[in-house]
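Below is one structure; the comments refer to it alone.
Residue numbers (this note's numbering): 645 to 754.
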């Protein structure tokens, strides 16, 4: 007997089935939420939260869920940090994790 298992990715907001669905996480009042969205639905979520993100304070980072799209509000990529560090006279390696002091210097400069 053969068994066929199919995985169907569905946007939690619209119910749309798509291979482009990605998981996103957010928190509110100490409760963590996870939602699966296609890019259009994610853009809707991000636009709705943007004024609160802009007005809020970062209190730390959470571990990213595999396959999630990183919004720019979370911060720059490691490569962006490396470029910024070099442009500002800081030494940073070409590979590996970007040191916390570089991320902190970047955030303070913004």
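The beta carbon of each residue, even a glycine, is placed where N, CA and C say it ideally should be.
Report all residues from its chain with a CB closer than 7 Å to the CB of residue i; omit the five preceding and five following residues, and keep chain order.
i: residue 692; result: none
i: residue 746; result: 725, 729, 734 and 736
i: residue 665; result: 653, 654, 655, 680, 681 and 682
Tell me whether residue i is buried or exposed, calling it buried when 16 or more other Cβ atoms sit within 10 Å of its Cβ.
i: residue 737; result: exposed
i: residue 735; result: exposed
i: residue 675; result: exposed
i: residue 742; result: buried
What does residue i pair with, by DSSP beta-bridge criteria?
i: residue 664; result: DSSP lists no partner for residue 664.
i: residue 723; result: According to DSSP, residue 723 bridges with nothing at all.
i: residue 680; result: 667
i: residue 654; result: 661
i: residue 734; result: Beta-bridge pairing links residue 734 to no other residue.
i: residue 742; result: None; residue 742 has no bridge partner.
So, at 6 Å on beta carbons, what are the nonlocal neighbours of residue i in its own chain, with the 5 sequence-adjacent residues on each side left out?
i: residue 670; result: 677
i: residue 646; result: none
Assuming residue i and residue j form a contact by the criterion Cβ under 8 Å, report the distance between their Cβ atoms to the nearest whole angstrom.
i: residue 685; j: residue 658; result: 6 Å
- Completely contained alpha helix (DSSP H) runs for the segment 682–706, where each covers 4 or more residues: 683–699
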